[in-house]
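Participant: Residue numbers for the sequence shown follow this note's numbering, so the first one is 9 and each next one is one higher.
Sharing a structure with you now.
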Amino acid sequence: MLEGLSDSLTKTMKKISGMSVIDKKVLKEITKDIQKALIQSDVNVKVVFKLTKQIEQKALEEELPKGLSPKEHVMRIVYQELVNLIGQKPEELKITKKPYKLMMLGLQGSGKTTTTVKLAKNLKKRGLTSAIVCTDTWRPAAYEQLKQLTEDLDIPVFGEPENKDAVDLAQKGLDAFGNKYDIVIVDTAGRHKEEEDLLEEMRTLSTVVEPDEVILVIDGTIGQQARQQAKAFKETTEIGSIIVSKLDGSAKGGGALSAVAEIRAPIKFIGTGERVDDFEAFDPERFISRLLGMGDIETLIEKASEVTADKEDKEMVESIVSGKFTLKDMQNQLGMMKKMGSLQSIMKLIPGMGSQIPASATMETEEKLEKYKVLMQSMTDYELENPEVIKKSRISRISRGAGLKNEDVKDLLKYYNVTKKALKGGMGKRNMSGPMGKIMRRMMK
9 MLEGLSDSLT
19 KTMKKISGMS
29 VIDKKVLKEI
39 TKDIQKALIQ
49 SDVNVKVVFK
59 LTKQIEQKAL
69 EEELPKGLSP
79 KEHVMRIVYQ
89 ELVNLIGQKP
99 EELKITKKPY
109 KLMMLGLQGS
119 GKTTTTVKLA
129 KNLKKRGLTS
139 AIVCTDTWRP
149 AAYEQLKQLT
159 EDLDIPVFGE
169 PENKDAVDLA
179 QKGLDAFGNK
189 YDIVIVDTAG
199 RHKEEEDLLE
209 EMRTLSTVVE
219 PDEVILVIDG
229 TIGQQARQQA
239 KAFKETTEIG
249 SIIVSKLDGS
259 AKGGGALSAV
269 AEIRAPIKFI
279 GTGERVDDFE
289 AFDPERFISR
299 LLGMGDIETL
309 IEKASEVTAD
319 KEDKEMVESI
329 VSGKFTLKDM
339 QNQLGMMKKM
349 GSLQSIMKLI
359 PGMGSQIPAS
369 ATMETEEKLE
379 KYKVLMQSMT
389 DYELENPEVI
399 KKSRISRISR
409 GAGLKNEDVK
419 DLLKYYNVTK
429 KALKGGMGKR
439 NMSGPMGKIM
449 RRMMK
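As structure tokens, this is what we get:
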């Protein structure tokens, strides 16, 4: 997530931690580093200078808290001011009535339709039922896209592809769904601040739908123009909350942060990848912790808890904790990791890990893990449960069945033995208090 900005800010924090003296000259140097990192990530210049001025002022004027060294004090100020920039505390989407009507707004190409489906699935995880009304009459196949994305999710979609009256579609959709669902999400056409006819349509739709909350979807890759675009939306209708989409490694993200600073609506969710599950509730403190290379164990625990809902996953976790770990368990473990997201995204949630491991290394590891999965699919259940029986003849048969080499099977067995040894040591009583032990205990609940 925001790899360029994260790398720069992480380096700045390491620089501060290595300082022996914190004076005015050092603070100037630090704030210049922060300014450069934020501006390169498309954060508005005015917002950047206001932020760094506050950091410098507080670092020089505030009394040093008891128990903190000067450099720890500065690091805390940097962290807190960045948190304040994007929201201070998490704000939930509170469903207060049935149906709770949400209206989705966003620029053309902002990923609004995909985000609408991601939001509906996220709400479903919370035990809430959702239905979607498609009022996008401008983009060809918008209705078909929604139908395709929701096909396996049991989320109904209302639309009439031939109907070009967005207001009529909204009214018909609301009438069709009535109060059968907890939430009705109205997906609107993407628009541009200069397109007055679309902005007028948005005003009329708002009057007809009478949304309980208007959500603005902002593209994390959009850059400086996000600020003015967000302001134009704000002047047209009241924005209740923001979802930042496409906030993966390639996104600069600063434009989205500038937009938040401009309209002061809280970010409630972020989209962190292309999958429907790459979507999470936004927590400013956790977000900044990850940006600064401090990790985010709570999000990792939540992701792990979600994917251990299945009986098979829970049995695998129990097996690991009890000290029994077979190739079958490792096969299930790799499947569980796939559900949680890419290896790189998982590593960034562990304090100190994301900044130490280059993306190229995790990509290479992911390629190996995919190869291991193919090899395990070529094994019998007996071999998976009893890896010690895999000797020369079995190695040849497994490699042939997978279309790979004998060395690949040996590499897999070596990886298995190293993993088993690490888990045996890592799950000991002394280590269950650490981050990974904490995750395992929470997963078992």
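Even for Gly, the Cβ is constructed at its ideal location relative to N, Cα and C.
#1: Express the C-alpha separation of LEU113 and ALA197 in angstroms, rounding to a whole number.
#2: List the endpoints of the continuous alpha helix (DSSP H) containing LYS33.
#3: Need the endpoints of the beta strand (DSSP E) that ALA289 sits in, please.
#4: Taking the C-alpha atoms as reference points, what is the distance between GLN385 and LYS422?
#5: Check GLU118 in the structure and name its three-state DSSP category.
#6: Tell me the start and end of each unbroken alpha helix (DSSP H) in the region 179-226 that is at least 4 residues and wholly inside, in chain order.
#7: Tell me whether the region 164-184 and the region 73-89 touch, counting them as touching only if at least three CB pairs, one residue from each stretch, are closer than 8 Å.
#8: Helix, strand or coil, according to DSSP, for ALA139 in the structure here?
#9: Between LYS155, LYS129, LYS22 and THR145, which has its C-alpha nearest ARG283's C-alpha?
#10: Taking the alpha carbon of ASN425 as the point to measure from, which residue in ILE403, SER401 and PRO395 has its own alpha carbon closest?
#11: Please state the DSSP three-state secondary structure of GLY231.
#12: For VAL284, does the three-state DSSP call read helix, strand or coil?
#13: When you compare the CB positions of ASP183 and LEU136, do they come within less than 8 Å of one another, or not?
#14: Any contact of the region 293-302 with the region 132-151, i.e. 3+ C-beta pairs under 8 Å?
#15: What number of angstroms, rounded off, separates the C-alpha of MET210 from the C-alpha of GLN179?
#16: Do you know offhand how far LEU13's Cα is from GLN43's?
#17: Between which two residues does the beta strand (DSSP E) holding GLY279 run?
#18: Would you give the residue range spanned by the beta strand (DSSP E) that ILE250 belongs to?
#19: Does VAL194 have its Cβ less than 8 Å from a Cβ in chain C?
#20: Which residue from SER25, MET21, VAL252 and ILE193 puts its Cα closest to that of LEU131?
#21: What span of residues does the alpha helix (DSSP H) with ASN92 cover, start to end?
#22: Buried or exposed: where does GLN65 fall if 16 or more other Cβ atoms within 10 Å of its Cβ makes it buried?
#23: Should VAL222 and GLU204 be called a contact, given that it needs their Cβ atoms to be closer than 8 Å?
#24: With DSSP collapsed to three states, give me the class of VAL29.
Facilitator: For this structure:
#1: 8 Å
#2: 32-48
#3: 287-289
#4: 17 Å
#5: Sequence check: residue 118 is Ser here, not Glu. The answer is coil: DSSP assigns SER118 none of H, G, I, E or B.
#6: 204-217
#7: no
#8: strand
#9: LYS129
#10: PRO395
#11: coil
#12: coil
#13: no
#14: no
#15: 14 Å
#16: 11 Å
#17: 275-279
#18: 249-253
#19: In the structure shown, chain C cannot be found, because there is only a single protein chain.
#20: ILE193
#21: 78-94
#22: exposed
#23: no
#24: coil
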